[in-house]
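Here is the structure we will look at, set down as structure tokens.
2 protein chains.
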Amino acid sequence: MLNLTDVPAAVDAVLDEFFQATAPILESIYPTVGDGGAALREFVMTGGKRIRPMFVYAGRRCPGDKITVSETPRDGDETLRVCAAIELIQACALIHDDILDRSDTRRGNPTIHRRFEALHRARGWGHDPAHYGDSAAILIGDLALAWADDLFHGALPVAIADQTTPPRPIPFPASAVWSQMRTEVLAGQFLDITNEASGDESTTAAERVMTYKTAAYTVARPLELGATLGGADENMRRELHGIGIDLGVAFQLRDDLLGVFGDPAETGKPSGDDLVAGKRTALLAVALRSADDAARSVLRESIGRTLDDAEIAAARGVLVDSGAVAEIERQIAVRRDAGLARIDVLDCDESARADLCALAHRITDRSR
Amino acid sequence: MLNLTDVPAAVDAVLDEFFQATAPILESIYPTVGDGGAALREFVMTGGKRIRPMFVYAGRRCPGDKITVSETPRDGDETLRVCAAIELIQACALIHDDILDRSDTRRGNPTIHRRFEALHRARGWGHDPAHYGDSAAILIGDLALAWADDLFHGALPVAIADQTTPPRPIPFPASAVWSQMRTEVLAGQFLDITNEASGDESTTAAERVMTYKTAAYTVARPLELGATLGGADENMRRELHGIGIDLGVAFQLRDDLLGVFGDPAETGKPSGDDLVAGKRTALLAVALRSADDAARSVLRESIGRTLDDAEIAAARGVLVDSGAVAEIERQIAVRRDAGLARIDVLDCDESARADLCALAHRITDRSR
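For the record, the sequence lines run as chains U and S. The opening position of the first sequence corresponds to residue 1 in our numbering, with each subsequent residue numbered one higher. The opening position of the second sequence corresponds to residue 1001 in our numbering, with each subsequent residue numbered one higher.
Structure, rendered in structure tokens:
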């Protein structure tokens, strides 16, 4: 098996082969359709930390000696195919999310819907450029979602499928974990926009979003999926899921801090992005609860609108002075340590354990 | 195997079981998420002619005695699962299409995005009801697309998967046909909105939309998919695909006529809907080419805006008087007869042939 640090490049190779095989299909339908595929390819290939694939891969190693499926080169290919598939789910999630959040920038570039809106304007087409941009991005996201399933299940384009030994489909129960993961992330996203619309500020609602939209989808299900591919038993699958929820919540809390305090050069997002977007994060909830009245109004007035540098600095001041930043850092440490403690006693071999620990630190202590 | 007329009810039973099994998953995430699932369920269960499932089923019968996979009850279940899966693709296509076309009504009911916009208003939530409606509909469509793949590949919720004999995944090459079909319908849709934005009125562009968005997706690939599931050889698969393109184009041309002349009580769409929506159909293209200058301006002024009854009647008059309606009827007959001629010499048993003929007539000679 690969070292964890080599997984992103190996996943990129699978994705690149897939995009090369699908490009002629789109081109042959009509040249302008090829533009849609090219935009998706560029979006996927020029960004992303490949966090989810690394968790799938780390999970795959956990069953170790106890695996019921012996690892052949073909098993290795399948694991990488699943890793690549999850990056296409992520592409759909981000492309559609950016429509929902009306975001202009992603990974330092225009979002897909803004890109097609700009193309519409540049070509001087009729009607409504913004509506065309949204429509194109809806369909490109749909294509990413459909292709994710094709990669996962081995429904590969004839150009890359080995016809003599055709791709093996992923069997149940691994496919059931994949199913559950996709339902959860979409449900989490639906809950997120609904909470925002209804103004539901209950802790339960916010926690559920964090659990399903991020923790389950980014860490818990990928770990469980990898382990299930490797033949892990019910016990190990449940344990890895639990570890993943702890680490995934810590990951999201770190994201909340970076969303306000992150360096745009590292995050690829504008300064104070979460404030401008009006995201109801745990960080914000703690600050609104802890700040005094004057500070609370400063914060409330800094949410969901364009801010200049002085206003961003003032909002950041409230988040620090109210103790909210320290509280979130504390929660990150608690969740990370809970995860690490469970990894410590996991019934797996030492190299798998080392990978899990490295990933746990990496996602909770990061600057982008 | 079932009689073709019994297929819709059998497909509905599979869909109903699936929705019953997934509802508690969504409910357990959060009650408001359950509302999204309930809307999808109602959308799927209360409408639709189940045309695509019938073509899958008819295709499955074609290999007949020559099938390489003998039919067991389990094979029958798989065929119905594939039939049900394609209805969920259709749900995604319609729900997202309605956002793209800004449609208010579908199957006589409010479209999904309008439904959630209305729910937002009724509950007096903040921000932008229309944007919430679109966002909810994007995610509900995504869920339908993800669930379609789950049903197709047997990645069933644990509640309905038989754990002792877990669902068998659909093997290559049937999965490759499914993949191709999904790529084609999304590409056709992308091409459609791009032609409309760019004002591309070339015959090639319009034909490609008709081929990929409708003919391949509605008839050709479902037929081929069913036959591939039944173990059909390359020859039969290619032949059924060709038949499907002929019949599918005829189906779309009939749809173009119904889009202007259809009875709202039967089609579930407002009178003259395609004119108001500004769709660039073959019917319109022929009329614009054949009408005299005065009639052509009447027609051009009737496209893409709200029309009163007199205006609809005037536009219809031009379509008839220019000979466009007769020309489209002629093309429907040509395509239908070409398909029927090829069905006539298809190397399959007589009951399968009778089913194909019945479907060919049904989709080309209909009032809804």
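The beta carbon of each residue, even a glycine, is placed where N, CA and C say it ideally should be. A quick note: this is a predicted structure, and the numbers were derived from the prediction, not measured.
Residue i: contacting residues in chain C (beta-carbon distance under 7 Å)
i: residue 167 of chain U; result: No chain C is part of this structure, whose protein chains are labelled U and S.
Supposed contact pair residue j and residue i - C-beta distance, whole angstroms, cut 8 Å
i: residue 1185 of chain S; j: residue 1093 of chain S; result: 6 Å
i: residue 113 of chain U; j: residue 148 of chain U; result: About 20 Å; that fails the 8 Å criterion.
i: residue 1050 of chain S; j: residue 1079 of chain S; result: With a Cβ gap of about 14 Å, residue 1050 of chain S and residue 1079 of chain S do not count as contacting.
i: residue 1062 of chain S; j: residue 1227 of chain S; result: 5 Å
i: residue 335 of chain U; j: residue 343 of chain U; result: Wrong, their Cβ atoms sit about 13 Å apart, outside the cutoff.
i: residue 1271 of chain S; j: residue 1312 of chain S; result: 6 Å
i: residue 1087 of chain S; j: residue 1048 of chain S; result: 6 Å
i: residue 1218 of chain S; j: residue 1248 of chain S; result: 5 Å
Residue i in three-state terms, based on DSSP
i: residue 1106 of chain S; result: strand
i: residue 1366 of chain S; result: coil
i: residue 1016 of chain S; result: helix
i: residue 158 of chain U; result: coil
i: residue 1311 of chain S; result: helix
i: residue 163 of chain U; result: coil
i: residue 68 of chain U; result: In this prediction, residue 68 of chain U scores a pLDDT of 41, lower than 50, which makes its location untrustworthy; no coordinate-derived value is stated.
i: residue 275 of chain U; result: helix
i: residue 349 of chain U; result: coil
i: residue 1182 of chain S; result: helix
i: residue 1045 of chain S; result: helix
i: residue 198 of chain U; result: helix
i: residue 127 of chain U; result: coil
i: residue 268 of chain U; result: coil
i: residue 192 of chain U; result: helix
i: residue 301 of chain U; result: coil
i: residue 175 of chain U; result: helix
i: residue 1062 of chain S; result: coil
i: residue 1 of chain U; result: coil
i: residue 169 of chain U; result: coil
i: residue 287 of chain U; result: helix
i: residue 211 of chain U; result: helix
i: residue 1142 of chain S; result: helix
i: residue 1132 of chain S; result: helix
i: residue 1006 of chain S; result: helix
i: residue 36 of chain U; result: helix
i: residue 248 of chain U; result: helix
i: residue 1028 of chain S; result: helix
i: residue 1242 of chain S; result: helix
Nearest to residue i (by Cα), restricted to the options the options
i: residue 1339 of chain S; options: S:1360, S:1354 and S:1348; result: S:1360
i: residue 291 of chain U; options: U:271, U:322, U:268 and U:285; result: U:322
i: residue 178 of chain U; options: U:273, U:153, U:109 and U:160; result: U:153
i: residue 1140 of chain S; options: S:1173, S:1036 and S:1058; result: S:1036
i: residue 146 of chain U; options: U:326, U:40 and U:117; result: U:40
i: residue 267 of chain U; options: U:77, U:38 and U:109; result: U:109
i: residue 1173 of chain S; options: S:1225, S:1038 and S:1048; result: S:1225
i: residue 1213 of chain S; options: S:1006, S:1221, S:1189 and S:1230; result: S:1189
i: residue 242 of chain U; options: U:223, U:258, U:6 and U:256; result: U:223
i: residue 1005 of chain S; options: S:1306, S:1020 and S:1053; result: S:1053
i: residue 57 of chain U; options: U:245, U:207, U:75 and U:159; result: U:75
i: residue 1315 of chain S; options: S:1215, S:1257, S:1332 and S:1337; result: S:1257
i: residue 1001 of chain S; options: S:1230, S:1122, S:1264 and S:1135; result: S:1230
i: residue 369 of chain U; options: U:95, U:124 and U:159; result: Nothing can be reported for residue 369 of chain U: it is not among the residues displayed for chain U, which extend from 1 to 368.
i: residue 175 of chain U; options: S:1151, S:1182 and S:1180; result: S:1151
i: residue 1288 of chain S; options: S:1018, S:1324 and S:1331; result: S:1324
i: residue 133 of chain U; options: U:123, U:365, U:143 and U:119; result: U:119
Residue i CB to nearest heavy atom of the ligand COA below 6 Å
i: residue 55 of chain U; result: Of the ligands one can find in the structure shown there are none, so the ligand COA has no counterpart to examine.
At least three beta-carbon pairs within less than 8 Å, the stretch 74-91 of chain U to the stretch 10-22 of chain U: The way I'd put it, the stretch 74-91 of chain U does touch the stretch 10-22 of chain U; three or more beta-carbon pairs between them come closer than 8 Å.
Output needed in chain order: residues of the stretch 189-206 of chain U with a Cβ under 9 Å from some Cβ in chain S. Taking a C-beta cut-off of 9 Å against chain S, the contacting residues of the stretch 189-206 of chain U are 189, 190, 191, 193, 194, 195, 196, 197, 198, 199, 200, 204 and 205, listed in chain order.
If contact means a Cβ-Cβ distance below 9 Å, which residues of the stretch 16-35 of chain U contact chain S? For the stretch 16-35 of chain U, the set of positions with a beta-carbon nearer than 9 Å to some beta-carbon of chain S reads 22, 25, 26, 29, 30, 32, 33 and 35 in chain order.
Do the stretch 1024-1034 of chain S and the stretch 1183-1198 of chain S make contact, defined as three or more Cβ pairs closer than 8 Å? The stretch 1024-1034 of chain S, when compared against the stretch 1183-1198 of chain S, does not touch it at the 8 Å Cβ threshold.
Three CB pairs or more closer than 8 Å across the stretch 1250-1259 of chain S and the stretch 1227-1237 of chain S: The answer is no - the stretch 1227-1237 of chain S does not touch the stretch 1250-1259 of chain S, with fewer than three Cβ pairs under 8 Å.
Residues within the stretch 141-159 of chain U neighbouring chain S, beta-carbon criterion of under 9 Å: Answer in chain order: 141, 142, 143, 145, 146, 147, 148, 149, 150, 152, 153, 154, 155, 156, 157 and 158.
May I ask you to verify whether the stretch 1314-1330 of chain S touches the stretch 1277-1286 of chain S, counting CB pairs closer than 8 Å and requiring at least 3? Counting C-beta pairs closer than 8 Å gives three or more between the stretch 1314-1330 of chain S and the stretch 1277-1286 of chain S, which meets the contact rule.
Check whether the stretch 1095-1105 of chain S and the stretch 1159-1176 of chain S touch, using three or more Cβ-Cβ pairs below 8 Å as the test. Contact fails: fewer than three Cβ-Cβ distances are below 8 Å.
Given a limit of 9 Å on CB to CB distance, which residues of the stretch 1337-1359 of chain S reach chain U? Contact annotation: in the stretch 1337-1359 of chain S, no residue has its CB less than 9 Å from a CB in chain U.
Determine which residues of the stretch 243-266 of chain U have a Cβ less than 8 Å from any Cβ of chain S, and write them out in chain order. For the stretch 243-266 of chain U, there are no residues whose beta carbon sits under 8 Å from a beta carbon of chain S.
Along the stretch 37-53 of chain U, where does the CB come closer than 7 Å to a CB of chain S? Name the residues. Look at the stretch 37-53 of chain U: it has no residue with a C-beta under 7 Å from a C-beta of chain S.
Of all the residues that make up the stretch 95-114 of chain U, which are near chain S by a beta-carbon distance shorter than 7 Å? Under the 7 Å Cβ criterion, the stretch 95-114 of chain U contributes 96, 99 and 100.
Contact list for the stretch 1285-1312 of chain S against chain U, Cβ threshold 7 Å: Against chain U - using a Cβ distance shorter than 7 Å - the stretch 1285-1312 of chain S contributes no residues.
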